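In the working numbering, the protein residues as written are 26 to 184. Here a beta-carbon is modelled for each residue, glycine too, at the ideal position from N, C-alpha and C. Since we're looking at a predicted model, the values are computed, not measured.
Printed below as a string of structure tokens:
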């Protein structure tokens, strides 16, 4: 069980590093909300699609009884630079730090869509999703958080 948990956390750490590397150049003062979300989301999507075995394992572990409070805490540590940047940049832009629920939804929904795409490829010998498919998933999964943040920005400007 420890080895399986460690494999999950290694993949999770890799994903956290990918996301962190995207955040390096973001600052709260010069943020384009849509471009920020798009850059972060497509980096995450590409990682998942380019590492199908890791993605399938990651998803199965995430849904298993092995996904304990200890693992959740390790996961928070793996993503802490990403989370801090997102809260700093998008939270400041939206005038609120209360973004964890929609961000978590985007992360989970993206993982689910990637798993479905990978399984579809493996089961039906189809090609992996192209840029048009990825854009459709982005619009479905990530665009709502852009709308949420932009609505909060517009609401703050009207006050």
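Item	Value
Across the stretch 101–113 and the stretch 153–172, are there enough close Cβ pairs to call them in contact, namely three or more that are closer than 8 Å?	no
Is it true that the CB of residue 80 sits closer than 9 Å to the CB of residue 139?	yes
Quick check on residue 92: does DSSP put it in helix, strand or coil?	coil
Within 8 Å, do at least three Cβ pairs link the stretch 79–93 to the stretch 130–137?	yes
Assuming residue 36 contacts residue 83 under a Cβ cut-off of 8 Å, what Cβ separation, rounded to an integer in Å, is found between them?	5 Å
Since I believe residue 173 is in contact with residue 127 (beta carbons under 8 Å), could you give me their beta-carbon distance rounded to a whole number of angstroms?	6 Å
Let me confirm a value: residue 73 is counted as buried when at least 16 other C-beta atoms fall within 10 Å, else exposed. Which label applies?	buried
Ignoring anything shorter than 3 residues or poking outside the stretch 55–87, list the beta strand (DSSP E) runs there in chain order.	none
What residue range does the alpha helix (DSSP H) around residue 35 cover?	27–48
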